[in-house]
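If you read the sequence shown in the working numbering, its first letter stands for residue 4, the second for the next number, and so on. Using N, Cα and C, we set each Cβ at its ideal position, and we do this for glycine too. Inspection log for the structure reproduced underneath, given as structure tokens.
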Amino acid sequence: MKVVKDKGVEGKVIVCTGAAGVLCSSMTEDLLRHGAKVAVLDLRGDVAKAFCAKLAKKGLKQTLAIEANVLDKASLEAACKAVLKKWKRIDVLINGAGGNHPKGTTPAEQMTKETKLEDTFFGLTPEGFEFVNKLNLVGTILPCQVFCKEMLKKGGAVLNFCSMAAYQPLTKVAAYGAAKAGIMNFTSFLATHLAPMGIRVNAIAPGFFITDQNRFLMMEKDGKTPTARGNKVLAKTPMRKFGQPSDLHGAARFLLSDDASFVTGVTLPVDGGFVCYSGV
């Protein structure tokens with residue numbers, strides 16, 4: 004496939020966590036096609052290696068597969084050393100690791116007198132809530148602590164992953180929504196904190212994309228038919244469709260490029276109009 008290169012990311016060394024996931028794998032491939040070098044970090048080292056091998060067959064060889072745990076600072080520091088050994092610098096961090104999980108989700112959207120207690124907010128375990136919260140929020144903070152330290156020398160850019168759940172509460176996903184709201188706030192904090200050092204920090208807030216983490220909520224088991232919840236989402240999305248991974252590419256490249264050199268602290272919705280639509 005012939006691609007007109009966006010020179011805004013050409014030559015940049017990018018670290019991407021969760022890089023083998025549905026959204027970030029597509030984003031990684033796009034960045035490589037536009038001349039970037041990408042360290043593919045994933046908790047599943049074998050998956051990261053297989054993904055890089057797949058990319059190499061497409062002629063996209065400027066990758067480095069690294070097994071890394073975003074909740075383990077020592078693991079991230081080891082990953083950082085590996086990136087520096089290969090490419091000598093880090094220009095960009097994409098915090099793509101995260102997602103929802105059934106153990107942080109309530110089966111019931113609302114509680115009525117007939118609802119089983121275990122299907123409501125009161126049925127969530129501290130462990131389940133903490134798991135989702137840590138995966139998303141702490142899993143964004145720790146990589147920033149490790150990789151942004153390397154950007155202090157020459158500046159750089161960070162791209163966090165936010166969510167529609169950060170703008171307004173979504174039913175069922177209390178832990179996920181709280182974590183993503185935290186990421187939006189943290190993005191603004193870190194943008195302010197690091198601005199004098201030439202490091203920009205922004206986020207994208209994807210609308211509703213079908214991923215491994217939310218498939219059980221959005222789609223029936225046949226993988227083609229939206230659930231009742233999925234249909235609600237489509238009705239609230241003016242474009243009346245779920246997003247495709249490629250819909251994130253342009254937004255990500257813009258925020259990571261020098262074209263956005265005066266843009267920091269922003270969370271950009273890529274959502275088909277979900278945030279702006281009141282439903283009326």
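- In the DSSP assignment, R203 forms a beta bridge with A160.
- In this chain, the beta strand (DSSP E) harbouring P272 covers T270 to V273.
- Of V149, R218 and G107, the smallest CA-CA separation from K76 is found for V149.
- Secondary-structure assignment with DSSP links G246 through a beta bridge to F212.
- For T190, the enclosing alpha helix (DSSP H) has its first and last residue at A177 to L197.
- Taking a contact to require three or more Cβ pairs closer than 8 Å, the stretch 237-252 and the stretch 50-70 do not qualify as touching.
- Cβ contact annotation for L155 (same chain, cutoff 6 Å, sequence separation greater than five): M200, in chain order.
- Apart from sequence neighbours up to five positions away, the residues of its chain that approach L74 with a beta-carbon distance below 8 Å are K137, L138, V141, G142 and L145, ordered along the chain.
- In the three-state scheme derived from DSSP, where H, G and I count as helix and E and B as strand, K40 is classed as strand.
- Using a 10 angstroms sphere on the CB of C279, the tally of other CB atoms stays under 16, which defines it as exposed.
- The alpha-carbon of A85 is positioned some 56 Å away from that of K116.
- Two segments are said to touch when three or more pairs of C-beta atoms, one from each, lie closer than 8 Å; by this definition the stretch 161-171 does not touch the stretch 125-134.
- One thing to note: A51 has its Cβ within 8 Å of the Cβ of A68.
- Contact between C165 and I207 is confirmed by a C-beta separation of about 7 Å, below the 8 Å threshold.
- Assigned with DSSP and collapsed to three states, C147 falls in helix.
- About 5 Å separates the CB atoms of F277 and T240; that is less than 8 Å, so the two are in contact.
- The distance from the Cβ of R203 to that of D9 is about 17 Å, inconsistent with a contact at the 8 Å cut-off.
- Across the set V16, E32 and V161, the C-alpha of V161 shows the shortest separation from the C-alpha of T195.
- Out of D225, C147, G102 and N234, the CA that lies nearest to the CA of A181 is found in G102.
- Looking at the DSSP output, M167 bridges to nothing.
- With contacts defined as CB atoms closer than 8 Å, L44 and I17 fail to qualify as a contacting pair.
- In the structure shown, the three-state DSSP call for M114 is coil.
- By the neighbour-count criterion, in which 16 or more other beta carbons inside 10 Å mark a residue as buried, G159 falls on the buried side.
- Pairing E70 with G99 gives a Cβ-Cβ distance that is not under 8 Å.
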